[in-house]
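**Student:** Following my numbering, the numbering of the sequence shown begins with 7 at its first residue and continues without gaps.
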Amino acid sequence: MVHLKNEKYAPKDSRMLVYKARDLCSDMHASVRVARVASDFVEFDVGVEAEDLDALIGRLNPIGSLLNARHIIEEDISKEEGIKDGIFYFNNERFWECHEAFEGVWNKCFGREKDLVQGIILVAVAFAHGQKNDQSIGIGMLSRALEKLGNSPAAYNGINIDNIRKKSKSMQESEILSRFEI
Numbered sequence: 007m008v009h010l011k012n013e014k015y016a017p018k019d020s021r022m023l024v025y026k027a028r029d030l031c032s033d034m035h036a037s038v039r040v041a042r043v044a045s046d047f048v049e050f051d052v053g054v055e056a057e058d059l060d061a062l063i064g065r066l067n068p069i070g071s072l073l074n075a076r077h078i079i080e081e082d083i084s085k086e087e088g089i090k091d092g093i094f095y096f097n098n099e100r101f102w103e104c105h106e107a108f109e110g111v112w113n114k115c116f117g118r119e120k121d122l123v124q125g126i127i128l129v130a131v132a133f134a135h136g137q138k139n140d141q142s143i144g145i146g147m148l149s150r151a152l153e154k155l156g157n158s159p160a161a162y163n164g165i166n167i168d169n170i171r172k173k174s175k176s177m178q179e180s181e182i183l184s185r186f187e188i
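#1: Pick out the complete beta strand (DSSP E) segments inside the region 40-101, 3 residues or longer, and give them in chain order.
#2: Mind checking residue 182: buried by the 16 CB within 10 Å criterion, or exposed?
#3: Is the region 55-66 touching the region 106-126, taking contact as three or more C-beta pairs under 8 Å?
#4: Let's test the definition: count the other Cβ atoms within 10 Å of the Cβ of residue 46 and tell me whether it reaches 16, buried, or not, exposed.
#5: Does DSSP put residue 199 in a helix, in a strand, or in coil?
#6: Below 8 Å CB to CB, which residues in the same chain sit around residue 108 once its five sequence neighbours on both sides are set aside?
#7: Taking the CB atoms as reference points, tell me whether residue 24 and residue 74 lie closer together than 9 Å.
#8: If contact is defined by three or more beta carbon pairs under 8 Å, each pair taking one atom from either stretch, is the region 94-108 in contact with the region 31-46?
#9: Measure the C-alpha to C-alpha separation of residue 173 and residue 121 and round it to an integer number of angstroms.
#10: For residue 37, which residues in the same chain have their Cβ closer than 7 Å to its Cβ, ignoring the five residues on either side in sequence?
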């Protein structure tokens, strides 16, 4: 995962950014799978050997300067740490990483808690789709999220679940993904 500073792009530019990034590194052994556009950064999901990462980042510099690069792997961390990371990623528009963090939490849950965590994951995935200019897919994901959240408790480890439900319903009605914090 590579995050570049965003000074001029919007989610509608996602497809163009993927093509531009692929062109910029076309002679490298690297793949650019997707671009997600957030307020302050452009996130590229890339596949590249560790020794070629610096070269790839240099090639992508015309799009934006490097904010960070992170190898995403399923980490074996505590449930509490996964929740803390997931909240941080969600609140900083790093929705795909939020999804990954909460997936680690989900793997450690049972019963109704598992559904609740999956609902949070689906809201993060909805926003990740929005960052790729797939608003309608993101809005559609909210139905599944609300189904999973169901009538779960109002709060979960400091996360206001009632607010997530309220915001999700509002976004469905307006058919616009509107960023909020958890």
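Just so you know, even glycine gets a beta-carbon here, dropped at the ideal spot from N, CA and C. Here the structure is a predicted model, which means the values were calculated and not measured.
**Tutor:** This is what the structure gives:
#1: Within the region 40-101, the complete beta strand (DSSP E) runs of at least 3 residues are 47-54 and 72-75.
#2: Classification for residue 182: exposed.
#3: By the Cβ test, the region 55-66 is not in contact with the region 106-126, since fewer than three Cβ pairs between them sit closer than 8 Å.
#4: Exposed: under 16 other Cβ atoms inside 10 Å.
#5: Because residue 199 is not part of the residues shown, which for the chain are 7 to 188, the question remains open.
#6: Sequence-distant partners of residue 108 (beyond 5 residues in either direction) whose C-beta falls short of 8 Å from its own C-beta, in its chain, are 88, 89, 92, 123, 126, 127 and 130.
#7: Between residue 24 and residue 74, the CB-CB gap reaches or exceeds 9 Å.
#8: Taking 8 Å as the limit for Cβ pairs, the verdict is that the region 94-108 does touch the region 31-46.
#9: Rounded to whole angstroms, the separation of the alpha carbons of residue 121 and residue 173 is 18 Å.
#10: Within the same chain, residue 37 has close Cβ partners 52 and 53.
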